[in-house]
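Here the protein sequences come in this chain order: A and B. The opening position of the first sequence corresponds to residue 0 in numbering that gives the first Met the number 0, with each subsequent residue numbered one higher. The opening position of the second sequence corresponds to residue 0 in numbering that gives the first Met the number 0, with each subsequent residue numbered one higher. Everything below concerns the one structure shown next.
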Amino acid sequence: MARLFEYQSKILLKQAGIRVPEGDVASSPAEARTIAERIGRPVVLKIQVWVTGRAKIGGIRFAENPQEAESVSREMFGLKVKNFTVDKVLVEERLAVKSEFFAGLVIDDAAKAPVLIFSSVGGTGVEEIAGRHPEKISKLAVDVRTGLQEFQARNLIRRSGLGGSLSVDLADFLTKLYRVARTYEARSAEVNPLVLTDAGQVYAADCHLVIDDYAVSRHPELGIEIAREFDRPPTELEKIAYKVEEKDHRGTFYFLQMTEVVGPADNAIGFHGAGGGGSMMSMDAVLKHGFQLANYCDTSGNPPASKVYRAAKIILSQPNIKGYLASGSGVASQEQYHSARGLVKAFEEEGVKIPAVIRLGGNFEEKAIEILKAYLGDRGFKVEGYGRDDSPDSCAERLEKLIKDNDNLPHRMKPLAEPDHPEGSYRFDTLTGSLSLDHRLCPPCKTKGCVEACAPRILRLDETGMPVLAIPREEAQKGKCTECLACEIFCKFHERDAILIKLPIPGLKDYRERTRHGHSGE
Amino acid sequence: MAILVNEKSRVIIQGITGREGMVRAQLMKDYGTNLVGGVTPGRGGQDVYGVPVYDSVEEAWEKAGPIDVSVIFVPAALVKNGALEAIEAGVKLLVLVPDRVPIYDVLEISSAAREKGASFVGPNTLGLVSPGKAVLGMIGGRAERAREWFKPGAVGVTSRSGGMTSAISYYLTSAGVGQSTIVHVGGDAVVGLSHPEVVELFEKDSETRLVVLFGEIGTTQEERVADLIEQKKFTKPLVAFIGGKAAKSGTRFSHAGAIVEGNRGSYETKVKRLREVGVHVVESISDIPKKARELLGAKEGKP
Numbered sequence: 000m001a002r003l004f005e006y007q008s009k010i011l012l013k014q015a016g017i018r019v020p021e022g023d024v025a026s027s028p029a030e031a032r033t034i035a036e037r038i039g040r041p042v043v044l045k046i047q048v049w050v051t052g053r054a055k056i057g058g059i060r061f062a063e064n065p066q067e068a069e070s071v072s073r074e075m076f077g078l079k080v081k082n083f084t085v086d087k088v089l090v091e092e093r094l095a096v097k098s099e100f101f102a103g104l105v106i107d108d109a110a111k112a113p114v115l116i117f118s119s120v121g122g123t124g125v126e127e128i129a130g131r132h133p134e135k136i137s138k139l140a141v142d143v144r145t146g147l148q149e150f151q152a153r154n155l156i157r158r159s160g161l162g163g164s165l166s167v168d169l170a171d172f173l174t175k176l177y178r179v180a181r182t183y184e185a186r187s188a189e190v191n192p193l194v195l196t197d198a199g200q201v202y203a204a205d206c207h208l209v210i211d212d213y214a215v216s217r218h219p220e221l222g223i224e225i226a227r228e229f230d231r232p233p234t235e236l237e238k239i240a241y242k243v244e245e246k247d248h249r250g251t252f253y254f255l256q257m258t259e260v261v262g263p264a265d266n267a268i269g270f271h272g273a274g275g276g277g278s279m280m281s282m283d284a285v286l287k288h289g290f291q292l293a294n295y296c297d298t299s300g301n302p303p304a305s306k307v308y309r310a311a312k313i314i315l316s317q318p319n320i321k322g323y324l325a326s327g328s329g330v331a332s333q334e335q336y337h338s339a340r341g342l343v344k345a346f347e348e349e350g351v352k353i354p355a356v357i358r359l360g361g362n363f364e365e366k367a368i369e370i371l372k373a374y375l376g377d378r379g380f381k382v383e384g385y386g387r388d389d390s391p392d393s394c395a396e397r398l399e400k401l402i403k404d405n406d407n408l409p410h411r412m413k414p415l416a417e418p419d420h421p422e423g424s425y426r427f428d429t430l431t432g433s434l435s436l437d438h439r440l441c442p443p444c445k446t447k448g449c450v451e452a453c454a455p456r457i458l459r460l461d462e463t464g465m466p467v468l469a470i471p472r473e474e475a476q477k478g479k480c481t482e483c484l485a486c487e488i489f490c491k492f493h494e495r496d497a498i499l500i501k502l503p504i505p506g507l508k509d510y511r512e513r514t515r516h517g518h519s520g521e
Numbered sequence: 000m001a002i003l004v005n006e007k008s009r010v011i012i013q014g015i016t017g018r019e020g021m022v023r024a025q026l027m028k029d030y031g032t033n034l035v036g037g038v039t040p041g042r043g044g045q046d047v048y049g050v051p052v053y054d055s056v057e058e059a060w061e062k063a064g065p066i067d068v069s070v071i072f073v074p075a076a077l078v079k080n081g082a083l084e085a086i087e088a089g090v091k092l093l094v095l096v097p098d099r100v101p102i103y104d105v106l107e108i109s110s111a112a113r114e115k116g117a118s119f120v121g122p123n124t125l126g127l128v129s130p131g132k133a134v135l136g137m138i139g140g141r142a143e144r145a146r147e148w149f150k151p152g153a154v155g156v157t158s159r160s161g162g163m164t165s166a167i168s169y170y171l172t173s174a175g176v177g178q179s180t181i182v183h184v185g186g187d188a189v190v191g192l193s194h195p196e197v198v199e200l201f202e203k204d205s206e207t208r209l210v211v212l213f214g215e216i217g218t219t220q221e222e223r224v225a226d227l228i229e230q231k232k233f234t235k236p237l238v239a240f241i242g243g244k245a246a247k248s249g250t251r252f253s254h255a256g257a258i259v260e261g262n263r264g265s266y267e268t269k270v271k272r273l274r275e276v277g278v279h280v281v282e283s284i285s286d287i288p289k290k291a292r293e294l295l296g297a298k299e300g301k302p
């Protein structure tokens with residue numbers, strides 16, 4: 000995750016030459032004891048979660064000796080704090096605090112620069128300090144091309160009302176903090192409190208770094224699992240979704256769960272947006288109609304049908320949703336029939352019984368709506384397609400009506416079927432999956448419409464009249480096969496159902512098994 | 000008039016031989032954008048739809064003549080290099096289309112642009128269009144669609160979401176209200192020309208009589224527009240629609256910029272601040288054309 004825990008942040012500070020309290024992170028009470036023994040002095044124990052005000056909820060406590068560290072930490076592990084379950088506790092030496100300051104860095108969108116903030120009083124939130132002691136706060140926009148100069152840091156400290164040798168030590172700290180933020184491309188860095196000890200030394204007593212999501216790939220050393228800002232650790236389903244996104248950069252796929260467990264009585268729906276702004280607008284419309292969102296999801300930026308398919312499969316891995324709403328801005332530049340095909344494949348495989356309102360406005364929306372109607376709507380699925388002239392509000396209203404007409408039946412999640420390619424079929428790999436044509440079923444087919452349907456035109460009929468690749472296999476695998484799903488859908492609904500496109504989603508099968516046994520009551 | 004781009008603007012595409020670059024070269028050319036060249040290092044001497052390709056921006060400038068705008072379609076990790084190259088060569092307006100450009104790269108581009116008096120739209124932008132004149136980027140997807148969706152007129156559009164940029168403009172067109180220039184400022188936390196800079200340009204544009212703004216949670220862009228209105232630096236009627244009412248604090252919604260951090264950037268604070276200074280904040284997208292017509296009509300003294 001792009002947000003680092005305190006103990007991770009402190010490791011980076013220490014490497015940069017900033018003084019941090021001696022200590023280590025513990026995963027069990029026994030470990031906490033060992034660490035306290037090693038420190039050999041009274042310690043402080045701090046739960047590792049991303050919430051402010053830990054002290055007030057018993058998340059920061061003191062211990063005089065290792066035994067006490069063990070017993071105190073035992074009360075901390077397993078503690079539920081918002082969406083967190085505490086599984087790590089930082090054990091550190093207690094500092095003899097003489098005074099406290101605040102130091103932070105944020106990326107300021109108005110200045111278009113990192114801005115350093117220093118306050119000669121600390122301990123509380125910076126907004127609170129700004130309210131009470133505006134004269135003790137000073138700020139400086141840093142030019143990223145030249146970096147922070149030591150004299151600039153000294154002036155920043157001076158303007159907050161401090162001077163003397165302390166200002167030199169603090170300026171040294173600030174230049175190092177800036178270097179850490181710049182090196183690891185932090186969107187924000189906060190040290191609060193920054194402490195001056197009785198012995199006259201400057202310590203970072205707390206630290207929170209948030210790394211830029213888009214720079215995470217340049218810093219594998221940070222071991223960040225999901226490069227996304229959450230206010231809690233990612234759910235299992237979010238991790239599965241992120242793996243899909245990570246492996247396929249064609250278009251965007253963004254998934255987060257708004258409600259981790261949806262009960263049969265909840266009025267929750269699966270939400271599938273397209274485009275950030277349009278998704279937010281549509282989400283607001285849905286909530287206005289009294290629904291809860293099981294999830295937020297966005298597939299956009301011209302995603303292939305396979306990506307939309309995987310997104311739908313993940314959304315449909317949430318039992319008890321009452322309906323499915325797909326809606327974006329309504330006037331998308333991307334060709335919308337790709338999304339329609341992704342949805343058709345997913346809904347068909349899942350045998351979805353809940354109603355769905357799919358608003359696919361934009362380029363080629365007529366074709367997209369037609370696909371939804373022909374392969375889902377006309378075949379008994381409660382799926383309706385809409386275009387750019389239908390507002391998100393009217394779509395939410397329509398879904399509300401359909402859910403009512405469907406007696407509020409909750410979505411029953413099926414185990415994930417992962418059929419194998421038939422023995423002896425003609426196969427090739429695609430960028431993220433594999434495709435098989437079962438030539439034994441082909442002879443009676445008159446149309447050979449798969450060749451016609453193929454958008455990138457990479458299929459041909461061989462001398463025996465069988466559809467095969469018209470390009471080398473390696474090219475298909477490298478992306479010439481765009482996974483548009485058109486051949487499979489054509490063959491399934493108009494001909495012999497001889498084509499299978501396998502688009503695996505690692506971890507989803509197990510996840511569904513566990514979820515079905517866990518809380519679906521089946 | 001229009002802002003930022005018109006039919007005379009001399010435009011190049013960096014990354015013209017890539018998948019997106021080629022498709023969008025066709026869109027821009029078909030629409031009528033004055034596309035004078037393309038750049039892909041190592042591909043100098045080729046052409047894309049009749050547009051000559053050069054090895055560098057400097058070479059393009061020497062051989063094709065002065066360049067007003069460069070539209071950049073290169074992978075996110077290479078955007079910084081491409082943008083600095085264009086700025087160095089003397090290009091004064093860049094359009095950075097790619098998504099996922101690291102934020103410190105954007106800050107470096109911004110610092111270099113400031114020094115050379117250049118500006119940029121994006122990153123993570125669909126681009127912009129001055130209807131009937133020129134399109135930059137990928138907005139509209141295809142030329143015939145862009146011609147159908149966007150019509151010349153008196154409304155300036157500025158938006159933080161690509162899809163919403165098209166949607167709002169399309170609904171305006173459907174209601175018979177044309178647009179002067181449509182700008183997707185980009186979805187990132189730091190963008191080159193943000194809402195306040197764009198509305199200031201609309202203020203100076205004689206053709207623009209009203210501005211429609213699509214804002215989102217996160218960043219200070221909408222608040223800074225309110226400041227401009229308060230300082231009388233922006234005086235034209237403004238209709239705003241803000242997304243993200245339902246968003247939770249501390250969680251990012253698709254766009255890197257769409258995150259509420261603490262009390263800053265929430266839906267409520269933005270709407271309150273905009274209404275304080277007399278902005279017409281509407282609750283639904285269908286209210287935008289209605290409000291625009293009403294305000295344009297009233298300004299002309301019509302009922």
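C-beta atoms are modelled at their ideal positions from N, C-alpha and C, and glycine is treated no differently.
Check                                                                                                                                                                       : Outcome
Less than 7 Å between the C-beta atoms of Thr32(B) and Val134(B), yes or no?                                                                                                : yes
Check distances from the C-beta atoms of the segment 96 to 109 of chain A to those of chain B and list, in chain order, the residues that come in under 7 Å.                : Ile106, Asp108 and Ala109
Sort out for me which residues DSSP pairs Phe252(A) with in a bridge.                                                                                                       : Thr298(A)
Is there contact between the segment 28 to 48 of chain A and the segment 233 to 244 of chain A, where contact requires at least three CB pairs shorter than 8 Å?            : no
According to DSSP, is Thr463(A) helix, strand or coil?                                                                                                                      : coil
Helix, strand or coil for Phe76(A) per DSSP?                                                                                                                                : coil
Check the Cβ-Cβ distances between Leu106(B) and every residue of chain A, and say whether any is below 7 Å.                                                                 : yes
Output yes if chain A places a C-beta closer than 7 Å to the C-beta of Arg144(B); else output no.                                                                           : yes
Can you tell me which of Pro443(A), Leu458(A) and Cys444(A) puts its alpha carbon nearest to the alpha carbon of Val450(A)?                                                 : Leu458(A)
Along the alpha helix (DSSP H) that carries Asp406(A), what are the first and last residues, could you check?                                                               : Where Asp406(A) is concerned, there is no enclosing alpha helix (DSSP H), given that its DSSP letter is neither H nor E.
Quick one: what's Ile313(A) bridged to in DSSP?                                                                                                                             : Answer is none; Ile313(A) lacks a bridge partner.
Among the residues of its own chain, which have a CB less than 7 Å from the CB of Ile108(B), if the five just before and after it don't count?                              : Lys79, Ala82, Leu83 and Phe119
Would you mind working out which of Thr180(B), Val210(B) and Phe213(B) sits nearest Gly131(B), comparing C-alpha positions?                                                 : Thr180(B)
Counting contacts by CB-CB distance shorter than 7 Å, is Arg99(B) in contact with chain A?                                                                                  : yes
What whole-angstrom Cβ distance do Gln335(A) and Ala367(A) have, given they're in contact under 8 Å?                                                                        : 4 Å
Under 8 Å, CB to CB, which of the residues in the segment 204 to 220 of chain B have a partner in chain A?                                                                  : Phe213, Glu215, Ile216, Thr218, Thr219 and Gln220
At 9 Å on the CB atoms, spell out the chain B contacts of Leu286(A), in chain order.                                                                                        : Lys244 and Ala245
Excluding the 5 residues preceding and the 5 following Glu6(B) in the sequence, name in chain order all residues of the same chain whose CB lies nearer than 7 Å to its CB. : Gly31, Asn33, Lys132 and Ala133
Along the alpha helix (DSSP H) that carries Pro195(B), what are the first and last residues, could you check?                                                               : His194 to Lys203
Grab the span of the beta strand (DSSP E) containing Thr157(B) for me, first residue to last.                                                                               : Pro151 to Ser158
Spell out the partners DSSP gives His493(A) in its beta bridges.                                                                                                            : His493(A) is not bridged to any residue.
According to the neighbour-count rule (16 or more other Cβ atoms, all chains shown, within 10 Å of its Cβ), is Ala180(A) buried or exposed?                                 : buried
Specify, as a first and last residue, the run of the alpha helix (DSSP H) that Asp211(A) falls within.                                                                      : Neither: Asp211(A) is in no alpha helix (DSSP H) and is coded neither H nor E.
Could you tell me if Gln13(B) is buried or exposed, where buried requires 16 or more neighbouring beta carbons within 10 angstroms of its beta carbon?                      : buried
Out of Ala264(A), Val201(A), Glu422(A) and Thr182(A), state which residue places its alpha-carbon closest to the alpha-carbon of Ser164(A).                                 : Val201(A)
Whose C-alpha, out of Ile56(A), Ala54(A), Val88(A) and Lys81(A), is nearest the C-alpha of Ser70(A)?                                                                        : Val88(A)
Which value, in whole angstroms, describes the spacing of the CA atoms of Leu93(B) and Ile102(B)?                                                                           : 17 Å
Measuring CA to CA, which of Asp392(A), Lys111(A) and Cys206(A) is closest to Glu282(B)?                                                                                    : Asp392(A)
Are any of the Cβ atoms in chain B nearer than 7 Å to that of Gly536(A)?                                                                                                    : Within the shown structure, residues of chain A are numbered from 0 to 521, placing residue 536(A) beyond reach of any answer.
For Leu94(A) versus Pro28(A), is the C-beta spacing smaller than 7 Å?                                                                                                       : no
Using only CA atoms, which one of Met257(A), Thr196(A) and Gln333(A) lies nearest to Cys296(A)?                                                                             : Met257(A)
Please name the residues in the segment 307 to 328 of chain A whose beta-carbon is closer than 8 Å to at least one beta-carbon of chain B, in chain order.                  : Gly327 and Ser328
Output needed for Leu286(A): all residues of its chain with C-beta closer than 8 Å, excluding positions within five of it in sequence on either side, in chain order.       : Leu292
Evaluate Glu229(B) with the Cβ neighbour count: other Cβ atoms within 10 Å of its Cβ, from every protein chain shown; 16 or more gives buried, anything less gives exposed. : exposed
Where do the ends of the beta strand (DSSP E) carrying Val10(B) lie?                                                                                                        : Val10 to Gln13
Buried or exposed for Phe492(A), please, with buried defined as at least 16 other CB atoms from any protein chain shown within 10 angstroms of its CB.                      : exposed
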